[in-house]
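In full-length UniProt numbering, the protein residues as written are 1 to 236.
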């Protein structure tokens, strides 16, 4: 565990199932490790029913400085890999980790590294819109918008003009067959801020992003309705 060690950042998410809440939390400690835990809590009494820890993984020599957790709804489970951990590091990369609920298998799986930032990634947020998951990563003076396409392997999104940056496959552990291929595309690079971006946050129900910077500005971003990959600062 992280007892006695400084915590660089932490994040969490809650999944409600029947009468219980499943709380998944992660925190990054100063030796470059990612620690993940799962608590099952009775929704009425708030009593802890069960607590499990995932395996710990390290990213040395890099350190994790920002994190986000997303628990997928049952409609878009990726054959049991139903949790995404998105991490920003001092190596200027975004790390994507997949996991299952700990009562199935307490393992974390490194899936892909997203590159492009030129400095530390200080803020990350994640949100689902429709069947896709959108990730915003904020660095020195720019924000990158990533789209995780969760369509099945034999489906193709014909109108996707964005550049494919990475993809990863998930397997049926019994048959070893590919069950899903997740395509990650870069949907935009936002450059209106003039200093470090310390916060990015998606709107709860529409494709809109809020960013805040050390340049003392706050910007609301929206995608162009006519040009793919272009985002506009709607309010600043």
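Where is the CB? At the ideal position from N, CA and C, for every residue including glycine.
Secondary structure at residue i, three-state DSSP: helix, strand or coil?
{"i": "residue 17", "result": "strand"}
{"i": "residue 85", "result": "strand"}
{"i": "residue 132", "result": "strand"}
{"i": "residue 191", "result": "coil"}
{"i": "residue 215", "result": "coil"}
{"i": "residue 60", "result": "coil"}
{"i": "residue 139", "result": "coil"}
{"i": "residue 43", "result": "coil"}
{"i": "residue 50", "result": "strand"}
{"i": "residue 118", "result": "coil"}
{"i": "residue 113", "result": "strand"}
{"i": "residue 231", "result": "strand"}
{"i": "residue 37", "result": "strand"}
Taking the CB atoms as reference points, tell me whether residue i and residue j lie closer together than 9 angstroms.
{"i": "residue 71", "j": "residue 121", "result": "no"}
{"i": "residue 29", "j": "residue 68", "result": "no"}
{"i": "residue 219", "j": "residue 193", "result": "yes"}
{"i": "residue 147", "j": "residue 186", "result": "yes"}
{"i": "residue 230", "j": "residue 211", "result": "no"}
{"i": "residue 27", "j": "residue 7", "result": "yes"}
{"i": "residue 149", "j": "residue 184", "result": "yes"}
{"i": "residue 59", "j": "residue 89", "result": "yes"}
Only counting the same chain, and skipping five residues up and downstream in sequence, which positions put a Cβ closer than 6 angstroms to that of residue i?
{"i": "residue 112", "result": "96, 166, 168"}
{"i": "residue 117", "result": "92, 139"}
{"i": "residue 11", "result": "26, 67, 68, 69"}
{"i": "residue 195", "result": "213, 214, 215"}
{"i": "residue 107", "result": "55"}
How many angstroms separate the CA atom of residue i from the CA atom of residue j?
{"i": "residue 33", "j": "residue 129", "result": "30 angstroms"}
{"i": "residue 143", "j": "residue 115", "result": "12 angstroms"}
{"i": "residue 63", "j": "residue 216", "result": "27 angstroms"}
{"i": "residue 188", "j": "residue 201", "result": "16 angstroms"}
{"i": "residue 203", "j": "residue 197", "result": "17 angstroms"}
{"i": "residue 19", "j": "residue 49", "result": "11 angstroms"}
{"i": "residue 182", "j": "residue 84", "result": "12 angstroms"}
{"i": "residue 98", "j": "residue 145", "result": "19 angstroms"}
{"i": "residue 101", "j": "residue 131", "result": "21 angstroms"}
{"i": "residue 5", "j": "residue 53", "result": "17 angstroms"}
{"i": "residue 110", "j": "residue 135", "result": "17 angstroms"}
{"i": "residue 86", "j": "residue 223", "result": "22 angstroms"}
{"i": "residue 209", "j": "residue 199", "result": "10 angstroms"}
Within 10 angstroms of the Cβ of residue i, are there 16 or more other Cβ atoms? Answer buried if so, exposed if not.
{"i": "residue 133", "result": "buried"}
{"i": "residue 225", "result": "exposed"}
{"i": "residue 205", "result": "exposed"}
{"i": "residue 44", "result": "exposed"}
{"i": "residue 16", "result": "exposed"}
Output needed for residue i: all residues of its chain with C-beta closer than 8 angstroms, excluding positions within five of it in sequence on either side, in chain order.
{"i": "residue 51", "result": "37, 38, 39, 40"}
{"i": "residue 65", "result": "8, 9, 28, 88, 89, 90, 120, 121, 122"}
{"i": "residue 227", "result": "none"}
Enumerate in chain order the residues of its own chain whose CB-to-CB distance from residue i is below 7 angstroms, with the five nearest sequence positions on each side excluded.
{"i": "residue 13", "result": "24, 69, 70, 71"}
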